[in-house]
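K.L.:
Protein chains: 2
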Amino acid sequence: MEIWKKPKRPQSLRNQVIEQVVYAIANGHLKPGERIVEAELAQALDISRGPVREALSTLTQEGLVNNIPYRGTFVMDLNHKEIWEVCTLRATLEEFAVRRVIEFFKEETMERLWSHYDELVETVRSCNALNIAEMDMNFHEQLVRAAEHEYLYRAWSPLKYRVLVYSSFTIEKRYKNYDSLIQLHADLIRTIEEGDANIAASEIKKHIHESGEELLRHIKVVEENNPI
Amino acid sequence: MEIWKKPKRPQSLRNQVIEQVVYAIANGHLKPGERIVEAELAQALDISRGPVREALSTLTQEGLVNNIPYRGTFVMDLNHKEIWEVCTLRATLEEFAVRRVIEFFKEETMERLWSHYDELVETVRSCNALNIAEMDMNFHEQLVRAAEHEYLYRAWSPLKYRVLVYSSFTIEKRYKNYDSLIQLHADLIRTIEEGDANIAASEIKKHIHESGEELLRHIKVVEENNPI
DNA sequence: AATTTTCGAATTGTTAACAGTAGTATTGTT
DNA sequence: AACAATACTACTGTTAACAATTCGAAAATT
Chain Z
1 MEIWKKPKRP
11 QSLRNQVIEQ
21 VVYAIANGHL
31 KPGERIVEAE
41 LAQALDISRG
51 PVREALSTLT
61 QEGLVNNIPY
71 RGTFVMDLNH
81 KEIWEVCTLR
91 ATLEEFAVRR
101 VIEFFKEETM
111 ERLWSHYDEL
121 VETVRSCNAL
131 NIAEMDMNFH
141 EQLVRAAEHE
151 YLYRAWSPLK
161 YRVLVYSSFT
171 IEKRYKNYDS
181 LIQLHADLIR
191 TIEEGDANIA
201 ASEIKKHIHE
211 SGEELLRHIK
221 VVEENNPI
Chain R
1001 MEIWKKPKRP
1011 QSLRNQVIEQ
1021 VVYAIANGHL
1031 KPGERIVEAE
1041 LAQALDISRG
1051 PVREALSTLT
1061 QEGLVNNIPY
1071 RGTFVMDLNH
1081 KEIWEVCTLR
1091 ATLEEFAVRR
1101 VIEFFKEETM
1111 ERLWSHYDEL
1121 VETVRSCNAL
1131 NIAEMDMNFH
1141 EQLVRAAEHE
1151 YLYRAWSPLK
1161 YRVLVYSSFT
1171 IEKRYKNYDS
1181 LIQLHADLIR
1191 TIEEGDANIA
1201 ASEIKKHIHE
1211 SGEELLRHIK
1221 VVEENNPI
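So the protein sequences, as listed, match chains Z and R.
Start counting the first sequence at 1; every next residue gets the next number (the numbering used here).
Start counting the second sequence at 1001; every next residue gets the next number (the numbering used here).
1. Name the residue from R:E1111, R:R1071, R:F1104 whose alpha carbon lies nearest to the alpha carbon of S12 of chain Z.
2. Would you please state the rounded distance, in angstroms, between the beta carbons of A39 of chain Z and L30 of chain Z? I believe it to be under 8 Å.
3. Measure the C-alpha to C-alpha separation of T73 of chain Z and V86 of chain Z and round it to an integer number of angstroms.
4. By a C-beta neighbour count over all protein chains shown, 10 Å radius and 16 as the cutoff for buried, is F1104 of chain R buried or exposed?
5. What residue from Z:T92, Z:P32, Z:Q16 has the CA that sits closest to A44 of chain Z's CA?
6. Looking at the C-beta of R49 of chain Z, does it have a partner C-beta in chain R at a distance below 8 Å?
7. Alpha carbon to alpha carbon, how far is N1066 of chain R from Y166 of chain Z?
8. With H209 of chain Z and A91 of chain Z assumed to form a contact (beta carbons below 8 Å), what rounded beta-carbon distance in angstroms separates them?
9. DSSP three-state label for G72 of chain Z, please.
10. Buried or exposed for G212 of chain Z, please, with buried defined as at least 16 other CB atoms from any protein chain shown within 10 angstroms of its CB.
11. Among residues of its own chain, excluding the 5 on either side of Y153 of chain Z, which ones have a beta-carbon nearer than 7 Å to its beta-carbon?
12. Using CA atoms only, rank isn't needed, just tell me which of Z:I182, Z:E194, Z:V22, Z:K205 is closest to E122 of chain Z.
13. Quick check: what's the CA-CA separation for E95 of chain Z versus Y151 of chain Z?
14. Write down the C-beta distance between S1168 of chain R and A1129 of chain R rounded to the nearest angstrom, noting that I regard them as a contact closer than 8 Å.
15. Who are the neighbours of I1063 of chain R on chain Z, taking C-beta pairs under 9 Å?
16. Tell me, please, whether the CB atom of F1105 of chain R is closer than 8 Å to any CB atom in chain Z?
17. In the DSSP assignment, the alpha helix (DSSP H) including A1039 of chain R goes from what residue to what residue?
18. Less than 6 Å between C-beta atoms, sequence neighbours within five positions excluded: which residues of the same chain meet that for L988 of chain R?
19. Between F1074 of chain R and chain Z, is any beta-carbon pair separated by less than 8 Å?
20. Provide the residue span of the alpha helix (DSSP H) that contains N1015 of chain R, from first to last.
21. Quick check on the DSSP output: the alpha helix (DSSP H) that includes L216 of chain Z runs from which residue to which?
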């Protein structure tokens, strides 16, 4: 009955809660600004408040929710400034990643990137916005992982969730046909293979900045229902 | 009418625990690889295990300790690869910060930087390694804050603790007289004031990379007592 | 009527007890 | 004495009850 009771691997409850909350936010079940009541969530997942608290604490640190002492945790609002911050930081981190990937070039890395690219192309056919956003994200995650830089990944990882949330809201509007999305990724991989770090860096920066601008253009910014 | 309220509201226990643990690691009271037992720590701080768990969970995410399910949390080892990762990522983030500071130049920002610089100079006279490392760190924190980029700060913040830990071990060896340390910071601020982003960027990159190399040269790397 | 005070419901922060698991010592067998 | 199976111990993961705080609404005051 509950997905909880029999997962493939008995992951810690905390991580399961994190996944659930992230997913709930991504597909809009939890809306920006909405309050998350620990007891409610715990009851819904049929566990106690302990793991829920820990999960929310982690998510607070990742910036996906906002915790105010003795008042509660709220789903983070998506305002203009924050979206742009996430984009600029992503661009910086992924540029760094790309440069490292090129510097320590490995054939197997490229294979993995191409395989993720293929998955993306495959998913595009299904035309499910959330899935596509997820695959897009997976590709970028693979890229960051390929840099083989633990701390870089840790710094980037929190942004992943934010981008996933943002993207799932708007990706179908941004790419009416997803050809350009696919093209951009293919171009990037080829540039990496050619080994010109500066070109690759400017490509990924351009890609992320453009997607950020599109995002800002299309998103319904929910302003200032941030309880202080 | 806050008269009957205590002048200093006690911070959440979780944050107090975090501070305690960070400080304990920084001054060597908790050694790399050492196990942290929740109940022990809780008793030492005279609180229950709940907040301790949350604190350790946070510190795990920040990479200062390592948590292995059902086995425990261990103080992170300092190995060559990790130190270098922290340095390269710091360089990337702080370069980004410096560029933003210059781009959105404000007079008050420079005042704050100079004031932190003065504090650093003052502290150097006291010749306490941990204090100096702390002040050095404060300066860089101020720099990152000056970029007025919430997510950048969140990404950088975890590195702060690592650097503090590393630095406190070695700073007195690295700068026999601290003149060069002071000089580097003064130069950086002046370059920022002059407004040339590329020079400032290369300066801070050089500064961080050099300090990283010094660190690697001087540190006793504790290898592979990482329980898996 | 408008403002302040008081009270109570809701929710978070904290605690202590319980359950499950990995590692270690002990016992039994050969 | 050497090895395997077992029981034990110490710790983490989880739970449910308790304490502290906030916020809103009713009551009291001006």
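Note that beta-carbon positions come from the ideal geometry of N, C-alpha and C, so glycine has one too.
P.N.:
Once the coordinates are examined:
1. Of the listed residues, the one whose Cα sits closest to S12 of chain Z is R:R1071.
2. A39 of chain Z to L30 of chain Z, Cβ: 16 Å. No contact.
3. Roughly 21 Å separates the two Cα atoms.
4. Per the 10 Å Cβ criterion, exposed.
5. Taking only the C-alpha atoms, the option nearest A44 of chain Z is Z:Q16.
6. Closer than 8 Å: no.
7. In this structure, the alpha-carbon of N1066 of chain R lies about 31 Å from that of Y166 of chain Z.
8. Correct: roughly 6 Å between the Cβ atoms.
9. Here G72 of chain Z sits in strand by DSSP.
10. Around the CB of G212 of chain Z, 16 or more other CB atoms lie within 10 Å, so the residue is classed as buried.
11. Around Y153 of chain Z: V144, R145.
12. It is Z:I182 whose Cα lies nearest to the Cα of E122 of chain Z.
13. Distance between the alpha carbons of E95 of chain Z and Y151 of chain Z: 15 Å.
14. Correct: roughly 6 Å between the Cβ atoms.
15. Here residue 1063 of chain R turns out to be Gly, not Ile, going by the sequence shown. By Cβ distance, chain Z contributes E150, Y151, R154.
16. It does not; no Cβ of chain Z falls within 8 Å.
17. Bounds of the alpha helix (DSSP H) holding A1039 of chain R are 1038-1045.
18. With chain R running from 1001 to 1228 in the structure shown, residue 988 of chain R is simply not present.
19. For F1074 of chain R, the nearest beta carbon of chain Z is not closer than 8 Å to its own beta carbon.
20. Residues 1013-1026.
21. Start and end: 197-218.
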